[in-house]
Structure formats: C-alpha cells, structure tokens
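Numbering-wise (my numbering), the sequence shown opens with residue 522 and increments by one.
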Amino acid sequence: MNQQRSNILQAGVRAPDFELHSTPDQLVSLSDFRGKTVILAFYPADWSPVCGDQMALYNEILPEFHKHGAELLGISVDGAWCHAAFAGARKLHFPLLADFEPKGNVSRAYGAYRDTEGTSERALFVIDGAGLIRWSYCSPVGVNPGADGILDALEAMQSGRHAEVS
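Shown next as structure tokens:
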C-alpha cells in the first residue's frame, strides 16, 4: 500500500504534544507518557464498520503492544460521550481521545485531518519515549491498515533498527 496522504508527520519529527479528553471529566496528554512508547491510531469515526474492526483488532492484540512496552491511544473527532459508548459496546481496553473541540486540532497538528469530511485520516504513528515519531503510515479511509506495520516498527525499535516508513 502506498501512503495516500503525504502531509502526515514523518519519522524523525518531534510528536506534537496535546491534551484531549479520554472521558468527559478526564484529560490525557502525550507528555503523560514521556519515557514510554506510544502508538497513536487516528481514525475517522466511532461506529463506522472499518473503524470498529480496526479498534477491535487493536484491542485483541493489545497484549502484544504491551510486550513491546507500548501504550495505545485511539483518536478521532468524536466527543468523549460517543467514545465512552463506543468503547463500552466494543469492550475496548485502551483510551479513545476526543479531538472534538476545537474540532480536529490535534489531527491537524499531525497532518491527519480531512478538511472536506471534517474527520481524521486513518493514520498511525509510533512515538518513542523521547517524543520522536519513529514510524508513521496513512491508510485509505476505507481500508483497515491492520497491525503489521505497528508491530514491525515496535520490533525495529527494540532491535535498534530504523523502521521502514510505509
């Protein structure tokens, strides 16, 4: 698969910090995870079939991400209440962050906002403990990117290799 959108942030760039709601009354910031590897999974919308399948897959392999010392954060422009209902229905065990207001602000900072639709791209980022993007990929919105690229990037980081940028 070729990268569909060349404007997402690439490997070697410092990941922009952010603070977003994980619940209506709780904020999460990227800097909360300093020293840890973080996977950011931007996706268009809760409740869409492809997004549901993608998040369910990540939930299923969450222990594999944790084996690599990585924390997963899902991000879309849906609100915190919508995320809570979606995460509950799908039994997700990782935070979904609401890039809701100002709408798409974090998605824009990562080059992952779709202006014409008002949603996030289906973009993935692996960020190291120092806050540098080590791998990024943007999938077509109708295609579940799976987890192989994420796992390859995590394995490359553990072995000291550079991940192949997709």
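C-beta atoms are modelled at their ideal positions from N, C-alpha and C, and glycine is treated no differently.
Go to residue i, then tell me how far its alpha helix (DSSP H) extends in each direction, as first and last residue.
i      : result
SER680 : 669-680
ALA610 : 601-611
VAL627 : 626-630
GLN575 : 570-581
Out of the options, which has the shortest C-alpha to C-alpha gap to residue i?
i      : options                        : result
ASP656 : GLY600, HIS604, ILE560         : The residue asked about is misnamed: residue 656 is Trp in this sequence, not Asp. Looking at the Cα atoms, ILE560 is the closest of the given residues.
ALA668 : HIS589, GLU642, LEU578         : LEU578
CYS603 : LEU594, GLY590, LEU617, LEU530 : LEU617
PHE586 : PHE607, VAL647, GLY663         : VAL647
LYS557 : VAL571, ILE654, ASP574, HIS542 : ILE654
VAL662 : ARG635, ALA651, GLU676         : ARG635
ALA644 : GLU638, GLU540, SER597         : SER597
GLU638 : LYS624, ASP649, GLY650, ALA630 : LYS624
Using the Cα positions of residue i and residue j, report the straight-line distance between them to the nearest angstrom.
i      : j      : result
GLN679 : ASP673 : 10 Å
SER552 : ASP538 : 6 Å
ILE529 : PHE621 : 19 Å
LEU675 : HIS589 : 6 Å
MET522 : GLY533 : Residue placement at MET522 is poorly supported in this model, since its pLDDT is 34, which falls under 50; the coordinates still yield a value, given next. Their backbone Cα atoms lie some 21 Å apart in a straight line.
ALA677 : ILE671 : 10 Å
GLY595 : GLN531 : 18 Å
GLN575 : ASN626 : 22 Å
Could you pull the start and end residues of the beta strand (DSSP E) that residue i belongs to?
i      : result
GLY652 : Unbroken run through GLY652: none, as it is neither H nor E.
ALA562 : 558-563
GLN547 : 547-550
VAL647 : 643-648
HIS542 : 540-544
Give a yes or no on whether the C-beta atoms belonging to residue i and residue j are separated by under 8 Å.
i      : j      : result
ASN665 : LEU613 : no
SER641 : PRO565 : yes
THR544 : ALA601 : yes
ASP567 : ASP546 : no
ALA536 : GLY632 : no
HIS542 : ALA619 : yes
So, under 8 Å CB-CB, residue i and residue j are touching, yes? Tell me the CB distance rounded to an integer number of Å.
i      : j      : result
PHE615 : LEU593 : 4 Å
SER628 : PHE563 : 6 Å
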